[in-house]
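Going down the list, the sequences are from chains A and B. If you're matching positions, the first sequence starts at 1 in UniProt numbering and goes up one per residue. If you're matching positions, the second sequence starts at 1 in UniProt numbering and goes up one per residue.
2 protein chains.
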Amino acid sequence: MTMTMSTALLTDHYELTMLQAALRSGAAHRRAVFEVFARHLPGGRRYGVVAGTGRVLDELERFRFGDDELTYLRERGVVDEETLAFLADYRFSGNIYGYREGDLYFPASPIMVVEGTFAEAVLLETVTLSILNHDCAIASAASRMTNAACGRPLIEMGSRRTHEAAAVAAARAAYIAGFASTSNLMAGRLYGVPTAGTAAHAFTLLHDSERAAFEAQIASLGPETTLLVDTYDVPAAVRTAVELAGDKLGAVRIDSGDLAAAAQEVREQLDALGAFDTRILVTSDLDEYAIAALAAAPVDGYGVGTSLVTGSGVPTAALVYKLVARETATGKLEAVAKRSVGKPSRGGRKEAYRLLDEHGHAETELITTGDHSPEGGIPLLHELVRDGEVVGREPLTAARERHAAAVATLPQEALHLGRGYAAIPTEFA
Amino acid sequence: MTMTMSTALLTDHYELTMLQAALRSGAAHRRAVFEVFARHLPGGRRYGVVAGTGRVLDELERFRFGDDELTYLRERGVVDEETLAFLADYRFSGNIYGYREGDLYFPASPIMVVEGTFAEAVLLETVTLSILNHDCAIASAASRMTNAACGRPLIEMGSRRTHEAAAVAAARAAYIAGFASTSNLMAGRLYGVPTAGTAAHAFTLLHDSERAAFEAQIASLGPETTLLVDTYDVPAAVRTAVELAGDKLGAVRIDSGDLAAAAQEVREQLDALGAFDTRILVTSDLDEYAIAALAAAPVDGYGVGTSLVTGSGVPTAALVYKLVARETATGKLEAVAKRSVGKPSRGGRKEAYRLLDEHGHAETELITTGDHSPEGGIPLLHELVRDGEVVGREPLTAARERHAAAVATLPQEALHLGRGYAAIPTEFA
Numbered sequence: 001m002t003m004t005m006s007t008a009l010l011t012d013h014y015e016l017t018m019l020q021a022a023l024r025s026g027a028a029h030r031r032a033v034f035e036v037f038a039r040h041l042p043g044g045r046r047y048g049v050v051a052g053t054g055r056v057l058d059e060l061e062r063f064r065f066g067d068d069e070l071t072y073l074r075e076r077g078v079v080d081e082e083t084l085a086f087l088a089d090y091r092f093s094g095n096i097y098g099y100r101e102g103d104l105y106f107p108a109s110p111i112m113v114v115e116g117t118f119a120e121a122v123l124l125e126t127v128t129l130s131i132l133n134h135d136c137a138i139a140s141a142a143s144r145m146t147n148a149a150c151g152r153p154l155i156e157m158g159s160r161r162t163h164e165a166a167a168v169a170a171a172r173a174a175y176i177a178g179f180a181s182t183s184n185l186m187a188g189r190l191y192g193v194p195t196a197g198t199a200a201h202a203f204t205l206l207h208d209s210e211r212a213a214f215e216a217q218i219a220s221l222g223p224e225t226t227l228l229v230d231t232y233d234v235p236a237a238v239r240t241a242v243e244l245a246g247d248k249l250g251a252v253r254i255d256s257g258d259l260a261a262a263a264q265e266v267r268e269q270l271d272a273l274g275a276f277d278t279r280i281l282v283t284s285d286l287d288e289y290a291i292a293a294l295a296a297a298p299v300d301g302y303g304v305g306t307s308l309v310t311g312s313g314v315p316t317a318a319l320v321y322k323l324v325a326r327e328t329a330t331g332k333l334e335a336v337a338k339r340s341v342g343k344p345s346r347g348g349r350k351e352a353y354r355l356l357d358e359h360g361h362a363e364t365e366l367i368t369t370g371d372h373s374p375e376g377g378i379p380l381l382h383e384l385v386r387d388g389e390v391v392g393r394e395p396l397t398a399a400r401e402r403h404a405a406a407v408a409t410l411p412q413e414a415l416h417l418g419r420g421y422a423a424i425p426t427e428f429a
Numbered sequence: 001m002t003m004t005m006s007t008a009l010l011t012d013h014y015e016l017t018m019l020q021a022a023l024r025s026g027a028a029h030r031r032a033v034f035e036v037f038a039r040h041l042p043g044g045r046r047y048g049v050v051a052g053t054g055r056v057l058d059e060l061e062r063f064r065f066g067d068d069e070l071t072y073l074r075e076r077g078v079v080d081e082e083t084l085a086f087l088a089d090y091r092f093s094g095n096i097y098g099y100r101e102g103d104l105y106f107p108a109s110p111i112m113v114v115e116g117t118f119a120e121a122v123l124l125e126t127v128t129l130s131i132l133n134h135d136c137a138i139a140s141a142a143s144r145m146t147n148a149a150c151g152r153p154l155i156e157m158g159s160r161r162t163h164e165a166a167a168v169a170a171a172r173a174a175y176i177a178g179f180a181s182t183s184n185l186m187a188g189r190l191y192g193v194p195t196a197g198t199a200a201h202a203f204t205l206l207h208d209s210e211r212a213a214f215e216a217q218i219a220s221l222g223p224e225t226t227l228l229v230d231t232y233d234v235p236a237a238v239r240t241a242v243e244l245a246g247d248k249l250g251a252v253r254i255d256s257g258d259l260a261a262a263a264q265e266v267r268e269q270l271d272a273l274g275a276f277d278t279r280i281l282v283t284s285d286l287d288e289y290a291i292a293a294l295a296a297a298p299v300d301g302y303g304v305g306t307s308l309v310t311g312s313g314v315p316t317a318a319l320v321y322k323l324v325a326r327e328t329a330t331g332k333l334e335a336v337a338k339r340s341v342g343k344p345s346r347g348g349r350k351e352a353y354r355l356l357d358e359h360g361h362a363e364t365e366l367i368t369t370g371d372h373s374p375e376g377g378i379p380l381l382h383e384l385v386r387d388g389e390v391v392g393r394e395p396l397t398a399a400r401e402r403h404a405a406a407v408a409t410l411p412q413e414a415l416h417l418g419r420g421y422a423a424i425p426t427e428f429a
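Structural data, given as structure tokens:
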């Protein structure tokens, strides 16, 4: 979406006024460490899923103040000339470490660590949080749906229910968390997510009869297509569908009514008509609870829209970007923390490890501020940016595989859909 | 965000497969009417606010299949060569009518009507709904917050809590619905929304003391700036702030704790120090309920983040895009409607009027399918696109003024924050 445009104005006004004041005081050039973490998992979730890191790296490379951006800032008087000069030359030259996409996170997990001067690191706050708060929320919801589907494929089809660019990121995040495909073509184009879809009710209504619509679709897409059977009367549509496509009919889609009952009836009808291999796809306001409730129904795949792209009740991940260390006047890097009521922060640059038991099950998320690395602990922070250069790119499929493997390490109760505590405790050392 | 890029792949896969099948059957060229409406107002809301129309017009103009898009579709085998040839020449050549931005809508209000051939109109479904479902959800939430604030200014500062491009649209929608400003610089750059902001906790932590941070900020931004006073200890920070800026201090911001109690204490302290004109701004997970609860507190402005950009519990507006009329084989335009269980549609091309009583209060949302226009009814559908050309652009300030005027026509109970029914009934004629 923003492939060619600067991302530098995806920034809160106060990042620039802070920069200006810090340039004036001289503190702008102090070394600083910011960390991204969640104080808690929202909505009683048991775990969070990291997603968006790859997008942060993409947008970091386009985070440049060009003439267009500088002119706007000058004309509106957002910052002074000294600050504009700094921005014109701005390149992030520091280091970024992060949890890998698809991995899990828990309260206080430092899923991203940004090291640089205050000036260069503070500017990245807004866009970094925008990406991670959105993508982690979607991936975390998607992971619950993947678990609830017990191996049946899920199609992401929520583009129409969220901002047009958020939709593309949502499809990407859902794919990381186990969805099989998306309806969104831009997600296919930009990220290689497999795309899927055949027809909507409008296609049936367009034609002079449902039969004519089905004939047209089969002629164009082949009998292996998916026919939407609930525009008028489901049993009549299924009869027509099998009459036209025979037992080669790929699938039927049901998008309204009591999906469990409808799927049962349609399965019986399909079998009675000899269409044993025709699959049944269901859509219509599904979320992880509705998916789980359909576990006993003869359903072969789910299309999920609204709930996926809105994070199934948790549309944002509550991640914050906090200064945890800064250089003092004497040149020493010092831990800092605020003490705001209810929102204290924990100072010092962190490392993070996951500790597994002898069966390979996750036991503890260990956050350290010292030098010691725990024996057998899996280090969770990986190098993403070194001296301003992106070094941590990886294919989306790697994130998808990591997610499946990481979920497999969780204790069984972590997959319960009800509200609860974090699946494993976070400990500090 | 997508200023230079094609928006044509912000489309669901099935729009293109429908197109392919309809080109094959010949029905693609039939005239068709699609309408955007909400079956109900989500979350027990009393009214919805139209926003995003201007963005639909912008993205329509960039809805072109260029080489990049066509190559992707060809390589992935999404559609056949005949369809690719159609897409290469695609230009929407029909008409679009819509409710104006800032206006209100109710269940069944046809907030957008798209007339064209089936082929050209069906392709616009996904991106149109993405924009309107997002922007209407945000504007509808923002309107409740504006009402709750009773004239005190609201700053939109939720960019970090939503997708980076959704954030820009959210700032725009909030401005339409009465917010005074935004933290988001891209919204300033693209849409002229006023921007605001001064400093975060990181700025205080960066310096060797809170005093040094305040001094630096005042030196750079002047004593009229807003100082953030809750990094460590609020009374100490307020004392330091006034000591440094005197009675010229513009404002203090409180971002944690019990905001009502803190505002009361800070007001007393400011007054005791002679800083009678120093304003108090509060932030920290505010929504319309929290804003209303602060009505009696000495608060001069609110910063709203998460709740605004997530629609305050309603992150999407439940708008659908439905075929309501199509040309038959004999060339006649005929009303069509599906009969899906729980999701029936209402056939026929609509007009819409708002009926006011003698005091200028809204009484009825009247939806007609015939020719008659009710006496004194205010027509709600305006021409936006004529024969493919955008003719309905207007400045954002016009939408903002329209919104304020439209809310003023609502019955008083429409402004209640609790769950309820639509503020006025929808009638069909």
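Glycine included, C-beta positions come from ideal geometry on N, C-alpha and C. Just so it is clear, the structure is predicted and the values come from calculations on it, not from any experiment.
Closer than 7 Å at the beta carbon, the chain D residues around residue i
i	result
threonine 306 (chain B)	Reference to chain D is not applicable here, since the protein chains of this structure are A and B.
Range covered by the alpha helix (DSSP H) that runs through residue i
i	result
asparagine 133 (chain A)	125-149
leucine 384 (chain B)	Segment 382-386 is the beta strand (DSSP E) holding leucine 384 (chain B); no alpha helix (DSSP H) there.
threonine 226 (chain B)	Here threonine 226 (chain B) belongs to no alpha helix (DSSP H); instead the beta strand (DSSP E) covers 226-228.
alanine 241 (chain A)	234-245
alanine 28 (chain B)	From DSSP, alanine 28 (chain B) is part of no alpha helix (DSSP H); its letter is neither H nor E.
valine 113 (chain B)	Careful: valine 113 (chain B) lies outside any alpha helix (DSSP H), inside the beta strand (DSSP E) at 112-117.
phenylalanine 203 (chain A)	201-206
residue 447 (chain A)	Absent from the structure is residue 447 (chain A), since the part of chain A shown begins at 1 and ends at 429.
alanine 325 (chain A)	No alpha helix (DSSP H) holds alanine 325 (chain A); the beta strand (DSSP E) holding it covers 319-327.
Nearest residue (CA-CA) to residue i, options the options
i	options	result
alanine 38 (chain A)	A:Arg30, A:Tyr47, A:Gly77	A:Tyr47
glycine 301 (chain B)	B:Arg279, B:Ala27, B:Ala317, B:Ala272	B:Arg279
alanine 139 (chain A)	A:Glu115, A:Leu123, A:Ser312	A:Ser312
valine 385 (chain A)	A:Thr53, A:Ser6, A:Val49, A:Gln20	A:Thr53
asparagine 95 (chain B)	B:Leu57, B:Gly250, B:Phe428	B:Leu57
alanine 275 (chain B)	B:Gln264, B:Ala245, B:Gly257, B:Arg253	B:Ala245
serine 345 (chain B)	A:Gly178, A:Asp247, A:Leu205	A:Leu205
arginine 172 (chain A)	A:Arg400, A:His416, A:Gly418, A:Ala236	A:Arg400
alanine 329 (chain B)	A:Arg239, A:Arg91, A:Arg326, A:Asp208	A:Asp208
alanine 202 (chain B)	A:Glu125, A:Pro425, A:Leu60, A:Glu101	A:Glu125
threonine 225 (chain A)	A:Val234, A:Arg211, A:Leu249	A:Leu249
glycine 98 (chain B)	B:Leu270, B:Thr409, B:Glu394, B:Gly342	B:Glu394
histidine 416 (chain B)	B:Gln269, B:Leu84, B:Gly44, B:Ala404	B:Gly44
threonine 409 (chain B)	B:Arg419, B:Pro374, B:Arg354	B:Arg354
Contacts of residue i in chain B (Cβ-Cβ under 8 Å)
i	result
tyrosine 72 (chain A)	Leu185, Gly188, Arg189
Under 8 Å from the C-beta of residue i: neighbouring residues of chain A
i	result
methionine 157 (chain B)	Asp12
asparagine 133 (chain B)	Arg160, Arg161, Thr162
leucine 221 (chain B)	Thr17, Gln20, Ala21
Those residues which DSSP pairs with residue i across a bridge
i	result
glycine 301 (chain A)	A:Leu281
valine 49 (chain B)	B:Leu104
alanine 423 (chain A)	Alanine 423 (chain A) pairs with nothing; no bridge assigned.
Continuous beta strand (DSSP E) stretch holding residue i: start and end
i	result
isoleucine 96 (chain B)	95-98
tyrosine 353 (chain A)	351-356
arginine 400 (chain A)	Per DSSP, arginine 400 (chain A) belongs to no beta strand (DSSP E); it is in the alpha helix (DSSP H), 396-408.
Proximal chain B residues relative to residue i, where beta-carbon distance stays under 9 Å
i	result
aspartate 255 (chain A)	Ser340, Lys343
leucine 84 (chain A)	Result: empty, since nearest Cβ-Cβ is about 13 Å, beyond 9 Å.
glutamine 269 (chain A)	Those do not exist, as glutamine 269 (chain A) stays about 16 Å from chain B at its closest Cβ, beyond 9 Å.
7 Å Cβ cut-off: residues of chain B touching residue i
i	result
glycine 197 (chain A)	Asp12, His13, Tyr14, Thr17
Per-residue contacts from residue i into chain A (C-beta, under 9 Å)
i	result
tyrosine 232 (chain B)	Lys338, Arg339, Ser340
Residue i: contacting residues in chain A (beta-carbon distance under 7 Å)
i	result
leucine 104 (chain B)	Chain A residues near leucine 104 (chain B): none, gap ~21 Å exceeds 7 Å.
threonine 310 (chain B)	Pro315, Thr316
inquiry  = I want to know whether the segment 354-366 of chain A touches the segment 189-207 of chain B - three or more CB-CB distances under 8 Å.
reply    = no
inquiry  = Measuring CB atoms only, is the segment 177-193 of chain A touching the segment 330-339 of chain A, in the sense that at least three cross pairs come out at less than 8 Å?
reply    = no
task = State whether the segment 109-122 of chain B contacts the segment 84-99 of chain B, with contact taken as three or more CB pairs (one from each stretch) at a distance under 8 Å.
result = yes
ask   = Any chance the segment 62-76 of chain A sits against the segment 360-371 of chain A, with 3 or more Cβ pairs inside 8 Å?
value = no
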